[in-house]
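Undergrad: Quick one: the structure is below, and I'll ask about it shortly.
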Amino acid sequence: MRYSLRGRNKPAGFYNEDYEPLKPKTSAARIKAKKTPAKRKAKAAKPAPKKGKIPKDLDNSYMGIYTPEVLPRPKKQTWKHDGEKPIADMKKVPRGWSSHDSDLDPDDIDAQIERCRERIKAKIMPSIFEARLKECLNRKDERDTMMNDEAEDLSWNVAQRLEDLENIRSWLEKGNDDDNQIPNVDAIIQAYAVGDLDWNAGLVTYWSKGKQLCQPRPFKWEEFLAISAKHKGHIGFWVEGGPKVGQILLKEIKPSTGTSNGQEGDQNGLLTPSSPSPVDIRLNDTVQSHPFSYVKDSGAHLMTISDRDFAYLHKVSVTIEGFDPKPAASMGVTRVHLHGGGELFWRSKALQIKFRDPDHPKRGDWEWVQCHLSEEKVMGSDRIPDSGNCVLYRDILLWKYGPREGINRKPQGVV
């Protein structure tokens, strides 16, 4: 006798070998899905950057149309001192006091002179501002002399730029014109002198072998790379213009000990570098990269590697097929003023850089940057790749550059 278990509780100890439990019905779609193992959803690959196209409006000028982004300046700070005698000891200055006036444009000499006189009257460390006032007055005399020597209708920015270009040309003539830049420098000097070109903050013009290729326009990496490639820009190519004209200061610090040759509290002191971190550099997006080191900080004006490291980068930058890579695009020559006097001249190239996370080496985005080639090896020892130079990245790295005036890791008077 068979028992039907439907609607009943199974008796304790009951066993029936003929009993088959009811199975749920399975659709044909489910059966097919079981037979075909599900494929893992592939992670979408990051799209490759689009290749830049040469714009059609190269003859159009963006003067008066484009407004460059300007970083906001802090508000003016003041400190009171009611005593009759000036404070001459840093230990006695008001809490939070600083000798830096970050609310002023460092290149506004007249405003700097007025502020120095105001600070001297405040009687807090007046000797600092007396020395600064003297320096500002000397700068003003140099400016007035330079303007008298130039045409009356030239702006101060153009006059400064002409002086830079004339010094750059003199340097190139001394056997340093590896990139064939003299025709470009001559043409740019002529354009400034006759008024065909003006200095416009945030706008650039491209030049190739002495010929102007466009009117002033905002700089875009995609456009630059496309125009440079068309004109074989690894030689005889120049980018004229940028954020602002002015001095680029240079001062050496010692990376091996993490100390500087400036004293803390000195208005011209150096920021102390942090420990080196890894960064990859490559000539373009078709070749192998090579690891370098950089030091993160906030006082660098530019990025630079040694010319020896740049040559080494060419040697290791080989495509998968084994062909030599395309030469790096030229961007011009930069005049660098040494902090204690003197000057250097550095060629600049377009390179790609990627900051690496040691825990996730495959992460990170490649960025195009303007890199300057230093002829000096002042970075100490045990550096990648040839015990030579290290990478300085614009605005965030500092090994070789003194900070812009107004930058200090520890403001004076702050405990």
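Throughout the sequence shown, residue numbering follows the UniProt record's numbering, covering 1 to 415 in sequence.
Here a beta-carbon is modelled for each residue, glycine too, at the ideal position from N, C-alpha and C.
Note that this is a predicted model, so its numbers are computed, not measured.
#1: Rounded to the nearest angstrom, what separates I189 and L165 at their Cα positions?
#2: Looking only at C-alpha atoms, which of R282, V333, G342 and K91 sits nearest to L172?
#3: Any contact of the stretch 180 to 194 with the stretch 218 to 226, i.e. 3+ C-beta pairs under 8 Å?
#4: Suppose the cutoff is 7 Å on Cβ atoms and the five residues either side in sequence are ignored; what does the same chain contact list for D179 look like?
#5: Please tell me whether residue 416 and N284 are closer than 9 Å, where the distance is taken between their beta carbons.
#6: Excluding the five sequence neighbours on either side, which residues of its own chain have a C-beta within less than 6 Å of the C-beta of Y192, listed in chain order?
#7: Could you spell out where the beta strand (DSSP E) holding H372 opens and where it closes?
#8: By Cβ distance, which residues of its chain are closer than 6 Å to P126, with the 5 residues on each side in sequence left out?
#9: List in chain order: all unbroken alpha helix (DSSP H) runs of 4+ residues lying wholly within the stretch 115 to 201.
#10: Once you ignore the five residues that flank F129 on each side, which residues in its own chain have a CB closer than 6 Å to its CB?
#11: Which whole-angstrom value describes the C-beta separation of R282 and Q352, a residue pair presumed to lie in contact below a C-beta threshold of 8 Å?
#12: Run through DSSP, which three-state label would D307 get?
#13: Which residue comes first and which comes last in the beta strand (DSSP E) that contains L283?
#14: Within a Cβ cutoff of 8 Å, which residues of the same chain sit near T78, ignoring the five residues on either side of it in sequence?
#15: Can you tell which of G241, E114, I305 and K92 has the C-alpha that lies nearest to the C-alpha of D101?
#16: Would you give the residue range spanned by the alpha helix (DSSP H) that W221 belongs to?
#17: Using only alpha-carbon positions, find the residue among A111, T67, S374 and Q370 that is nearest to residue 419.
#18: Nearest to Y62 by CA position, among V194, G202 and M303, is which residue?
#19: Would you report the Cα separation of S170 and G241, rounded to the nearest angstrom?
#20: Helix, strand or coil, according to DSSP, for L313 in the structure here?
#21: By alpha-carbon positions, which one of C371, E69, W207 and K53 ends up nearest to T304?
#22: Could you tell me the boundaries of the beta strand (DSSP E) in which A88 lies?
#23: Rounding to the nearest angstrom, what Cα-Cα distance links E84 and K76 in this structure?
#24: Do I227 and Y206 have their C-beta atoms closer together than 9 Å?
#25: Is the Cβ-Cβ distance between G74 and D108 less than 9 Å?
#26: How is I54 classed by DSSP in three states: helix, strand or coil?
#27: Distance, Cα to Cα, P94 vs I124?
#28: For A350, name the three-state secondary structure that DSSP assigns.
#29: Buried or exposed for H233, please, with buried defined as at least 16 other CB atoms from any protein chain shown within 10 angstroms of its CB.
#30: Could you give the DSSP three-state label for Y19: helix, strand or coil?
#31: Would you identify the three-state DSSP class for Q212, choosing helix, strand or coil?
#32: For R335 versus N184, is the C-beta distance shorter than 9 Å?
#33: Within 10 angstroms of its Cβ, does N200 collect 16 or more other Cβ (buried), or is it exposed?
TA: In this structure, then:
#1: Between I189 and L165, the C-alpha separation is close to 7 Å.
#2: The residue with the shortest Cα to Cα distance from L172 is V333.
#3: The stretch 180 to 194 makes no contact with the stretch 218 to 226; the number of CB pairs closer than 8 Å stays below 3.
#4: Excluding positions up to five away in sequence, the list reads I235, G236, S330 and R347.
#5: With the chain running from 1 to 415 in the structure shown, residue 416 is simply not present.
#6: Excluding residues within five positions, the ones whose Cβ falls inside 6 Å are V158 and L162.
#7: It spans E367 to S374 - the beta strand (DSSP E) in which H372 sits, taken as one unbroken run.
#8: Close CB contacts of P126 within its chain, under the 6 Å cut and outside five residues either way in sequence, are with P86 and I120 (chain order).
#9: Qualifying alpha helix (DSSP H) stretches, in chain order: 126 to 149, 156 to 173 and 182 to 194.
#10: Beyond the five residues adjoining it in sequence on each side, F129 comes within less than 6 Å, by CB distance, of C116, R119 and I120 in the same chain, given in chain order.
#11: Correct: roughly 5 Å between the Cβ atoms.
#12: Helix at D307.
#13: Boundaries cannot be given for L283, as no beta strand (DSSP E) includes it and DSSP labels it neither H nor E.
#14: Excluding five sequence positions before and after T78, the CB atoms of its chain that fall closer than 8 Å to its own CB belong to A122, given in chain order.
#15: The shortest Cα separation from D101 among G241, E114, I305 and K92 belongs to E114.
#16: Start and end: W221 to K230.
#17: Here the chain covers residues 1 to 415 and nothing more, so residue 419 does not appear.
#18: Y62 has its Cα closest to that of G202, out of V194, G202 and M303.
#19: If you take the alpha carbons of S170 and G241, they lie about 20 Å apart.
#20: L313: helix per DSSP, three-state reduction.
#21: The shortest Cα separation from T304 among C371, E69, W207 and K53 belongs to C371.
#22: Secondary structure note for A88: it is in no beta strand (DSSP E), with a DSSP letter that is neither H nor E.
#23: If I take the Cα positions, the gap works out to 24 Å.
#24: The criterion of a C-beta distance shorter than 9 Å is satisfied by I227 and Y206.
#25: In the sequence under discussion, the amino acid at residue 74 is Pro, which differs from the Gly named in the question. The answer is no: Cβ separation not under 9 Å.
#26: Here I54 carries a coil assignment [DSSP, helix/strand/coil].
#27: Each residue's CA atom was taken as its position, placing P94 and I124 some 9 Å apart.
#28: The answer is strand: DSSP assigns A350 an E or B state.
#29: Before going on, a small fix: residue 233 reads as Gly here, not His. G233 comes out buried.
#30: With a pLDDT of 43 at Y19, under the threshold of 50, the modelled position of that residue is not reliable, and no figure is offered here.
#31: Note: Q212 maps to strand in three-state DSSP.
#32: Pairing R335 with N184 gives a Cβ-Cβ distance that is not under 9 Å.
#33: With 16 or more Cβ atoms within 10 Å of its Cβ, N200 is classed as buried.
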